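Undergrad: Protein chains in written order, with full-length UniProt numbering: chain A, 1 to 149; chain B, 1 to 149. Here a beta-carbon is modelled for each residue, glycine too, at the ideal position from N, C-alpha and C. Just so it is clear, the structure is predicted and the values come from calculations on it, not from any experiment.
There are 2 protein chains.
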Amino acid sequence: MKDTEALSRTALGVFQLNGQFLAASERLARPAGLTAAWWQVLGAVLHEPLPVAGIARRMGITRQSVQRVADRLVAEGLAEYAPNPAHRRAKLVAPTAKGRAAVDRITPGHADLAAQLAERLGEAELTETVRVLERLSEIMHSLETVSER
Amino acid sequence: MKDTEALSRTALGVFQLNGQFLAASERLARPAGLTAAWWQVLGAVLHEPLPVAGIARRMGITRQSVQRVADRLVAEGLAEYAPNPAHRRAKLVAPTAKGRAAVDRITPGHADLAAQLAERLGEAELTETVRVLERLSEIMHSLETVSER
DNA sequence: GCCTCATTGACAGTATGCTGTCGTATTGAC
DNA sequence: GTCAATACGACAGCATACTGTCAATGAGGC
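Right, here's the structure in full:
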């Protein structure tokens, strides 16, 4: 396979998978009154409240995107801004009881999907998939930083 | 690894990669005056003109998204609508000379990136990556159609 | 302690994708 | 040949991501 063809097919596969996982996440989250993005942000602060910029770093997207979702979550009563002892401006995003309850309602469906995926792929291939994705992401990150300089 | 963890890491990896490949595509396309989406649509009709709905099917996204990009491409003189002998309404999207030239200007950068990726990953791992991505997408597609019914 | 610089949130603007609805063209069953 | 179902484009509205800019906050060098 030529390198350019490999890159094209890799990118195409990633774009396609992005759409598929996004759609799957929306399907899982909708019954709980969440969107995929809301779920993801809430999930990021379930165990420890984080400032908006911190969430963004962890998710690998921009602060601004997270900010809009966080504001929306607070407006819907699913999360709240808590004072940050370490930084007066950077308030901490923390889930409310309602927010936790919403996430909890998604968990069974999430487990179902995970089980189906594991069944179709098999244990070894599933592990291999995770490995390949994380390795590729690592490489892409290193290529980005190279071309930035 | 628990199945739910594998699914979460898989989805996270896919979302992250989507951002990375999108950013890489934008970087490649920008000097040629294209965006990633414009490049992708133009690329789809380089060898054979297609109606908007046909492009959408091939790319795995909705007609509406492609329609907006196609209208924009025509407005910019990068593509044109040609009569479709088989369907009066569904005009064919075809690249103009300017559109072809723009895509041609991206090709070297694309090849460079492909070479870098191949160098970092190695031939075997690159092939494996393509295989894993396409297999995963196939599985996700089969799961979607199952849960639709 | 002071000043510079990075971090952070706020606000504005844009691109891309989605859903939903409508009217028209084409296709297929009969 | 007729009519219902499907495919297609047009238009509207929304969610998510991005970039760019600004002011406020905090951290570190001096």
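1. Identify every residue that forms a DSSP beta bridge with L7 (chain A).
2. Three or more C-beta pairs under 8 Å: does that hold for the stretch 97-109 of chain B against the stretch 33-46 of chain B?
3. Secondary structure at E148 (chain B), three-state DSSP: helix, strand or coil?
4. Kindly indicate if chain B contains any beta-carbon less than 8 Å away from that of H110 (chain A).
5. Using the three-state DSSP reduction, which class does A86 (chain B) fall into: helix, strand or coil?
6. Quick one: which chain A residues come within Cβ less than 7 Å of G69 (chain B)?
7. State yes or no: is the C-beta of Y81 (chain A) nearer than 7 Å to some heavy atom of the ligand NAP?
8. Would you mind telling me which residues of chain B sit closer than 8 Å to I139 (chain A), beta carbon to beta carbon, in chain order?
9. Give the single residue among A:L7, A:A36, A:A11 and A:A70 whose Cα lies nearest to the Cα of G19 (chain B).
10. By a C-beta neighbour count over all protein chains shown, 10 Å radius and 16 as the cutoff for buried, is M59 (chain A) buried or exposed?
11. In the DSSP assignment, what are the bridge partners of E80 (chain A)?
12. Beta-carbon within less than 8 Å of L113 (chain B)'s beta-carbon, same chain only, minus the 5 sequence neighbours each way: which residues are those?
13. Going by DSSP, what residues sit across from L50 (chain A) in a beta bridge?
14. Which bits of chain B does G33 (chain A) rub up against, with CB to CB less than 8 Å?
15. State yes or no: is the beta carbon of R149 (chain B) nearer than 8 Å to at least one beta carbon in chain A?
16. Let me know the secondary structure DSSP gives G109 (chain B) once reduced to three states.
17. Quick one: grab the DSSP three-state call for G60 (chain B).
18. Does E48 (chain B) get closer than 8 Å to chain A when you measure Cβ to Cβ?
19. Output yes or no for whether 8 Å exceeds the beta carbon distance between A53 (chain A) and R68 (chain A).
20. Once DSSP output is grouped into helix, strand and coil, what is the label at T35 (chain A)?
21. Compare the beta carbon distance of I139 (chain B) and L17 (chain A) with 8 Å and say whether it is the shorter of the two.
22. Between the C-alpha atoms of G77 (chain A) and R57 (chain A), what's the straight-line distance to the nearest angstrom?
23. Could you tell me the distance, in whole angstroms, from the CA atom of residue 194 (chain B) to the CA atom of T35 (chain B)?
24. How many angstroms separate the CA atom of Y81 (chain B) from the CA atom of A111 (chain B)?
25. Reducing DSSP to helix, strand and coil, say where M1 (chain B) ends up.
26. Do you know how far the Cα of S142 (chain B) is from the Cα of R149 (chain B)?
27. Closest to T129 (chain B) by CA distance: which of B:W38, B:G13, B:E5 and B:A6 is it?
TA: This is what the structure gives:
1. Note: L7 (chain A) sits in no beta bridge, so no partner.
2. yes
3. Per-residue confidence for E148 (chain B) stands at a pLDDT of 39, beneath the threshold of 50, marking its modelled position as unreliable; no derived number is given.
4. It does; some Cβ of chain B falls within 8 Å.
5. coil
6. As written in the sequence, residue 69 (chain B) is Val, which differs from the Gly given in the question. Simply none; closest approach about 14 Å.
7. Looking at this structure, you won't find the ligand NAP or any other ligand, since it has none at all.
8. Residues of chain B passing the Cβ test: L117, R120 and L121.
9. A:A11
10. buried
11. A:A94
12. A24 and L28
13. Answer is A:V93, bridged to L50 (chain A).
14. Neighbours of G33 (chain A) on chain B: none; closest Cβ ~20 Å, over 8 Å.
15. Residue confidence for R149 (chain B) is low, a pLDDT of 32 falling below 50, so the modelled location carries little weight and cannot support an answer.
16. In the structure shown, G109 (chain B) sits in a helix (DSSP, three-state: H, G or I).
17. coil
18. Taking a beta-carbon distance threshold of 8 Å, E48 (chain B) does not count as an interface residue toward chain A.
19. no
20. If DSSP states are grouped into helix, strand and coil, T35 (chain A) belongs with coil.
21. no
22. 24 Å
23. Within the shown structure, residues of chain B are numbered from 1 to 149, placing residue 194 (chain B) beyond reach of any answer.
24. Distance between the alpha carbons of Y81 (chain B) and A111 (chain B): 30 Å.
25. coil
26. Confidence in R149 (chain B) is poor, its pLDDT being 32 and thus under 50, which makes the residue's placement unreliable; the coordinate value appears in the next sentence. Their Cα atoms are separated by approximately 12 Å.
27. Comparing alpha-carbon positions, the option among B:W38, B:G13, B:E5 and B:A6 lying closest to T129 (chain B) turns out to be B:G13.
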